[in-house]
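Numbering (this note's numbering), first residue to last: 69 to 434.
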Ligand code: IPE
Ligand code: IPE
Ligand code: MG
Ligand code: MG
């Protein structure tokens, strides 16, 4: 769509001046959004209030990230700084830091693991933007758009290799086992997704398998790692793993909604990328099932062709059969499972913040 492209070109020049996307702060409309209290579904979550709970550790993690990025290969420094300094919610390290606090962990390895998790995330973004041919991320031109595909892939590889050096420093075999299985699963998820591209017969089940691996497993590793570090009992570890998994699925479901219905100025990403790539995400999969045969055929063709020009028509169809509402509802269900899993933890403001982040993953608009 020409309007979308024009809007995106405009936003591509939009640079955030602060480390985090401050224009995107979610409104606090009630006292319940304070992490000291339990959250209710309809209250807006104050993401910044939650971030404050881990502020000093987050600073240390950010310093560690910058230190570990450094290389005597200049281009690696340049690209690393570019992507890391362009912002990002730092949601995954935040989850890890909240979970260690909720468990009362007294050691020091959580900082390095929080950096490891963010490095893995950043590496997957560098690879993902090449595969998805995206040109806007965190309000800036993507690394592939500025330096090219090869540089983006290779610096992504560098970051992944760095994570292996870093995690070895924990000297904990279970940590190393989980992190390495996680990176393998993410790669499998991305390849599985590649197999679904341009395939309108992709089922909801297959889609869930993809998002579980490419996205949710990293959230799940972030929280499960805290139980491993803390040497918590098996049921606590399982609960934290499940919490991360369900939260991650909810997060990606909403990401796939936002690809159709976000303000690029808020997300810092283009809309319509999934459609232009022929990616069968849940809004499309559900719309094929629910709409008239004629509309379903329009969607099937759009998936096969991967055509951004069809955006307005496709959006109208998915709205008319409530496919966005359905996807949001599925995300709400996943967030509810995530919250349920936390019941095993003792009461604390950190636990409450984790409950609130499950809700945030559904409410978010960036
Ligand atoms: C983007 O993740 C990739 C997905 C798994 C959807 P985030 O939305 O957490 O990206 P940043 O780090 O905040 O930019
Ligand atoms: C998440 O999927 C990709 C990764 C897990 C790396 P998307 O392709 O939807 O993520 P965005 O929208 O580009 O951030
Ligand atoms: Mg992408
Ligand atoms: Mg997306």
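No residue lacks a Cβ here, since even glycine has one placed at the ideal position from N, Cα and C.
Here's the rule: buried if 16 or more other CB atoms are within 10 angstroms of the residue's CB, otherwise exposed. What is residue 301? exposed
By Cβ distance below 6 Å, which residues in the same chain neighbour residue 398 in space, the five residues on each side in sequence not counted? 321
Measuring straight from C-alpha to C-alpha, what distance separates residue 375 and residue 260? 21 Å
Please give the ranges of any alpha helix (DSSP H) in the segment 364–434, keeping only runs that are unbroken, at least 4 residues long and fully inside the region. 379–388, 391–409, 417–431
Residue 209 - partner residues in DSSP beta bridges: 204
At the level of alpha carbons, what is the spacing between residue 275 and residue 303? 28 Å
Burial state of residue 77, where buried means 16 or more other Cβ atoms lie within 10 Å: Below a pLDDT of 50, predicted positions are generally treated as unreliable, and residue 77, at 33, falls in that range; the measurement from the model is reported next regardless. So residue 77 counts as exposed.
Whose C-alpha, out of 152, 133, 323, is nearest the C-alpha of residue 342? 323
On the criterion of 16 or more Cβ atoms from any shown chain inside 10 Å, does residue 169 qualify as buried, or is it exposed? buried
Can you find the residues in the same chain that come closer than 7 Å, C-beta to C-beta, to residue 82, ignoring five residues on each side of it along the sequence? Reliability of the predicted coordinates at residue 82 is poor, the pLDDT of 29 falling under 50, and the value obtained from them is presented with this limitation in mind. 207, 333.
Enclosing alpha helix (DSSP H) for residue 230 [first to last residue]: 217–236
Pairwise C-alpha distance: residue 117 and residue 410: 20 Å
Only counting the same chain, and skipping five residues up and downstream in sequence, which positions put a Cβ closer than 8 Å to that of residue 428? 94, 113, 115, 118
Quick one: what does DSSP say residue 173 is sitting in, helix, strand or coil? coil
Below 8 Å, how does it come out for the segment 284–291 and the segment 148–158: are there three or more Cβ pairs, yes or no? no
With 16 other CB atoms within 10 Å as the buried threshold, where does residue 351 fall? buried
Under 8 Å: do the segment 393–407 and the segment 370–385 share three or more Cβ pairs, one atom per stretch? no
Span of the alpha helix (DSSP H), counted from its first residue to its last, around residue 145: 142–153
Report whether the distance from the Cβ of residue 220 to the nearest heavy atom of ligand 3 is below 8 Å. no
Could you name the residues whose beta carbon sits closer than 5 Å to any heavy atom belonging to ligand 3, keeping them in chain order? 196, 200
Say the cut is 8 Å; is the CB of residue 323 nearer than that to a heavy atom of ligand 2? yes
Where residue 284 falls: helix, strand or coil (DSSP): helix
Secondary structure of residue 264, DSSP reduced to three states: helix
Looking at residue 164 and residue 293, is the spacing between their C-beta atoms short of 9 Å? yes
Local conformation of residue 273 per DSSP, three classes: helix
If you count every other CB in all the chains shown that lies within 10 Å of the CB of residue 433, and 16 or more means buried, which is it? exposed
Our contact map puts residue 183 next to residue 132 with C-beta atoms below 8 Å; I'd like the distance itself, whole angstroms only. 4 Å
C-alpha gap between residue 426 and residue 186, whole angstroms: 18 Å
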